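Using our numbering, the final residue of the sequence shown is 1837, and nothing's skipped along the way. Ideal Cβ placement from N, Cα and C applies to all residues, glycine included. Keep in mind it's a predicted model, so treat the numbers as computed, not measured. Notes follow once the structure below has been shown.
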Amino acid sequence: MKKVLAGIFLLFANQAISQIDIASNERFFLEKKNLYLRQGENKGLIGLSVNYNVNSNTIDNSFLRQALYKGYIQEDVKTNTLGELKEKNRAGLTFYGGLFGAARKGRFTFTAALSHNEYFAAASKPDFIKLVFGGNKQFEDKHAEIGNTSVRYFNYQSLSLGLHKQIEGKNLIVGGGVSLVRGGSFQDLTIKRGDFYTAPGGDFIEFDTEISMSYSSKDARALPKSNGIGAGLNFSLATFTEKSSLNFEIKDFGFISWNGIENYRGDAAYRFEGIRVKNIFQANDSIFTGLNPDSLSAQLGIKKSSEKMTTTLPTQFRMNYTHLVSEKFTIGTGINYLLSPAYIPRIYLKPIYNFNNNLSIIPTIAYGGFGGLDFELGVVKSFNDKFLVSANIFYLEYLLASKSSSGHGFNLNMFKTF
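So, in structure tokens, the structure goes:
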């Protein structure tokens, strides 16, 4: 349990794609030149994408830097972060790597993608985070409220196929697709009700909780064995004029059916006594040290089972609008929403400056998602419309104001047209 709780902010995630993201910088650049979906001279394209993103409305970049990349957290950093917790604390971390291709035939565009995806999201009250990173000594003779906690991580691979058509006589493109999913690793912690009490002097601890902890069989391989299968559907609609475009899409409306998931469930009041407990997360003074989930569940009376589980994919709803103000300047805006208890609607504004026909600089200001206010900087470079490189980073806050900012990441995309 110690490892499960302490590692919740150290996991990776994302979602599959069956087309180029409507909010991406390269999508705008390609469509502006009629190199993707809209009728043009080229026959299609192939590409490689790597995307990484971590964000939180509470955990700052100094905390993330040490927790994710250094493996330790200094006391002053921990103290500062724990002092800034909100009533609802959210965090998410995503990773995507994949190959993408598109081929045109008249008004039709066929798309395909092969990808590895990881998805992580967590939402909790402040006492849960304080308990994980500060231990229970701070709650001596107090009650810690750890209910309404949701933590989920899983990785999967997907093969996505799509078909898009530009309606004849209209500036309208309708598209759809399907993703076949191979489930890898899965971990989930849900605490619907949770009251945690540490007696004076650490004589005993009490839980009054409704808790569920589930995970797939452990596998040390880089690519975990298959633990499930699933499928997802995608839909998109785009309309455009000479100077503007409006896009809407639904992505990853689907599921994964997991096999052989180890599940621990409890819905009662539990008391653990007989050992003086000062800090359950302190290795030299912890009743949980050396205990695996089986032994812990046996002592607390939590029920264990091995069963099948079905979980939804992280479905996304997206809409954006772009308008060409001049040959040098375009403005874009949009909203994204992901079905997750740790995600709120993300609104963004993109002023796009075209230095010339082959180079664009795209800063972005956004609010929402897994975090709060973020600033990004994107660059798109085309080499005579035959090769395209797009990079989008938001590391400036991470480097210059790590104690007062949250979130960082990058997107790197390379496309070859033919």
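The criterion of a C-beta distance shorter than 8 angstroms is satisfied by W1677 and N1646. Here DSSP, grouped into helix, strand and coil, assigns F1789 to coil. Within the stretch 1732-1794, the complete beta strand (DSSP E) segments of 3 residues or longer fall at 1735-1743, 1748-1757, 1763-1775 and 1778-1788, listed in chain order.
By the criterion of a C-beta distance shorter than 6 angstroms, E1629 is surrounded in its chain by K1611, R1612 and D1686, once the five residues flanking it on both sides are discounted.
Ranked by Cα distance from S1569, the first of N1508, D1479 and Y1767 is N1508. Residue range T1568 to Q1585 is occupied by the beta strand (DSSP E) that includes L1582. Your pair I1754 and M1738 checks out as a contact, with CB atoms roughly 6 angstroms apart and the cut at 8 angstroms. Here F1774 is not near E1795, since their CB atoms are 8 angstroms or more apart.
Rounded to whole angstroms, the separation of the alpha carbons of F1736 and S1655 is 10 angstroms.
A straight line joining the alpha-carbon of F1834 with that of L1807 spans about 5 angstroms. Here the C-alpha atom of I1721 lies approximately 35 angstroms from the C-alpha atom of K1489. Among the bridge pairs identified by DSSP, A1687 is matched with T1628.
Bridge pairing for F1529: A1522 and L1582 [DSSP]. In this structure, the CA atom of A1532 is about 16 angstroms from the CA atom of N1574. Taking N1480 as reference, the option from D1793, I1648 and V1799 with the minimal CA-CA separation is D1793.
The alpha-carbon separation between L1768 and G1502 amounts to approximately 31 angstroms. Judged by beta-carbon spacing, A1510 lies beyond the 8 angstroms limit of A1810, meaning their Cβ atoms are not closer than that value. Judged by DSSP secondary structure, T1500 falls outside any beta strand (DSSP E) and instead within the alpha helix (DSSP H) spanning E1494 to L1501.
According to the DSSP assignment, G1613 belongs to the beta strand (DSSP E) that extends over L1591 to T1617. Going by C-alpha positions, A1542 is about 26 angstroms away from A1650. When Cβ pairs closer than 8 angstroms are counted between the two stretches, the stretch 1463-1471 is seen to touch the stretch 1512-1530, the count reaching three or more. In the three-state DSSP reduction, A1820 falls in the coil class, being neither helix nor strand. Between the stretch 1616-1634 and the stretch 1558-1565 there are three or more inter-stretch CB-CB distances shorter than 8 angstroms, so the stretches are counted as touching. Comparing alpha-carbon positions, the option among T1528, K1505, I1781 and T1500 lying closest to G1459 turns out to be T1528. Nearest Cα to I1624 within the set L1456, F1691, K1544 and G1581: F1691. Between the alpha carbons of N1474 and F1547 lies a gap of roughly 18 angstroms. Going by DSSP, L1831 is part of the beta strand (DSSP E) stretching over H1827 to T1836. Collapsing the DSSP output to three states places N1444 in a helix.
S1664 is the residue among L1487, S1664, R1571 and L1550 whose C-alpha sits nearest the C-alpha of A1442.
Looking at the DSSP output, N1811 sits in a beta bridge with G1797 and N1830.
In this structure, K1462 sits away from F1829, with a CB-CB distance that is not shorter than 8 angstroms. For I1548, the uninterrupted alpha helix (DSSP H) segment begins and ends at P1545 to G1553.
Scanning its chain for C-beta atoms nearer than 8 angstroms, with the 5 sequence neighbours on each side dropped, one finds around F1748 the residues P1770, I1771, Y1772 and N1773, in chain order. In the structure shown, the three-state DSSP call for S1481 is helix. The criterion of a C-beta distance shorter than 8 angstroms is not satisfied by F1447 and G1787. Of T1609, R1526, K1662 and H1535, the smallest CA-CA separation from E1587 is found for R1526.
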